[in-house]
DNA sequence: CGAGTTGATGGGTCACAACCCACTATAGGG
DNA sequence: CCCTATAGTGGGTTGTGACCCATCAACTCG
């Protein structure tokens, strides 16, 4: 039998396409998966990038602070920090004022890596948002930011 | 030590917030998780809703067609159809023209359920998109739809 | 100086999505 | 009438994200 369609077309139900949240979920997941693939090529995960970004943006800080900021499980963060440190992207040092705390800071290698990862993320974004022109992307970004701020009580990882 | 902030604030790194894809991913995931919770209260999963929606929108069809349309694994669909049939939301009948195929159709109960689920999805959407007025939601929906159509080659589940 | 608290860590569990393979039944072409 | 392809099904594996608990070390307060 002749295949009705070269690629399956995946014509999704209007009932779902009508939900912004459905589109949000699908598109967001696609973007996340795509970026995750690129990170995986470098032996990294999404959390690694998030931690690097937090350190680059907010400076050296204790894991404790990263835990609060990123809403990540302390135990999981310990593992991420471990791998990043082993790879030379961050340095860990006991806080002399409070020797329980481990202060984490990005190295130059880490900063360089982050720049690369950002470029990857931008590339994925360009691919995903291809149908939109610069102005539309701006509008989208602004709307998403408003949505994000308006509901900061979401907790939730990533 | 006084807690600097009642709720942890989760002040995320600008490096990430600047990425629309990051926001897309976070917001989309939050919406999906929230809806999934509501479905779970009814003993259902997201795929159940997707299958019901596809059947309601496109009418009775063989599992084979659902597989192509929704890009779901045949084996997984079999399990979903099984549960939906057991709960009385769909009916399965051998296609008389091709007895390999199993034609699936929604029952009245299934249609009623879907209406309920849609209401749940709308409720979640209202909560998530709370910061936006009707006009802005319209704009967002349109942008997301364009993004979605522009990149139909994503495959990928949900 | 205890007693309770906090930060970090290691070692798990649990749920779930995606995927894959083997097997049966049916269809259809040579 | 075989042979191959297709539809559905059952029984898995794998990877991952979130979470949880026990433990150790270090701080703080009484």
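Chains as they are written, first to last, in the working numbering: chain A, 1174 to 1331; chain B, 1174 to 1331.
Cβ coordinates follow ideal geometry from the N, Cα and C atoms, glycine included.
Within 7 Å, strictly: CB atoms of residue i and residue j
| i | j | result |
| --- | --- | --- |
| residue 1227 (chain B) | residue 1186 (chain A) | yes |
| residue 1276 (chain B) | residue 1235 (chain B) | yes |
| residue 1312 (chain B) | residue 1204 (chain B) | no |
| residue 1225 (chain B) | residue 1287 (chain B) | yes |
| residue 1263 (chain B) | residue 1283 (chain B) | yes |
| residue 1230 (chain A) | residue 1188 (chain B) | yes |
| residue 1304 (chain A) | residue 1201 (chain B) | no |
| residue 1207 (chain A) | residue 1184 (chain B) | no |
| residue 1209 (chain B) | residue 1219 (chain B) | yes |
| residue 1250 (chain B) | residue 1239 (chain B) | yes |
| residue 1193 (chain B) | residue 1314 (chain A) | yes |
Minimum Cβ-Cβ distance from residue i to chain B less than 7 Å
| i | result |
| --- | --- |
| residue 1280 (chain A) | no |
| residue 1184 (chain A) | yes |
| residue 1205 (chain A) | yes |
| residue 1304 (chain A) | yes |
| residue 1248 (chain A) | no |
| residue 1314 (chain A) | yes |
| residue 1234 (chain A) | no |
| residue 1193 (chain A) | yes |
| residue 1317 (chain A) | yes |
| residue 1253 (chain A) | no |
| residue 1323 (chain A) | yes |
| residue 1238 (chain A) | no |
| residue 1286 (chain A) | no |
| residue 1227 (chain A) | yes |
| residue 1230 (chain A) | yes |
| residue 1320 (chain A) | yes |
| residue 1269 (chain A) | no |
Span of the alpha helix (DSSP H), counted from its first residue to its last, around residue i
| i | result |
| --- | --- |
| residue 1205 (chain B) | 1193–1214 |
| residue 1188 (chain B) | 1187–1190 |
| residue 1281 (chain A) | 1281–1301 |
| residue 1247 (chain B) | 1247–1259 |
| residue 1226 (chain A) | 1219–1231 |
| residue 1244 (chain B) | Segment: none, residue 1244 (chain B) is in no alpha helix (DSSP H) and carries neither H nor E. |
| residue 1310 (chain A) | 1307–1323 |
Extent of the continuous beta strand (DSSP E) run through residue i
| i | result |
| --- | --- |
| residue 1267 (chain B) | 1263–1267 |
Buried versus exposed call for residue i [16 or more other C-beta atoms within 10 Å across all chains shown]
| i | result |
| --- | --- |
| residue 1273 (chain A) | exposed |
| residue 1295 (chain B) | exposed |
| residue 1321 (chain B) | buried |
| residue 1199 (chain B) | buried |
| residue 1293 (chain B) | buried |
| residue 1221 (chain B) | buried |
| residue 1254 (chain A) | buried |
| residue 1223 (chain B) | buried |
is_contact[residue i, chain A] using C-beta, thresh 7 Å
| i | result |
| --- | --- |
| residue 1273 (chain B) | no |
| residue 1200 (chain B) | yes |
| residue 1188 (chain B) | yes |
| residue 1242 (chain B) | yes |
| residue 1294 (chain B) | yes |
| residue 1301 (chain B) | yes |
| residue 1217 (chain B) | no |
| residue 1196 (chain B) | yes |
| residue 1311 (chain B) | no |
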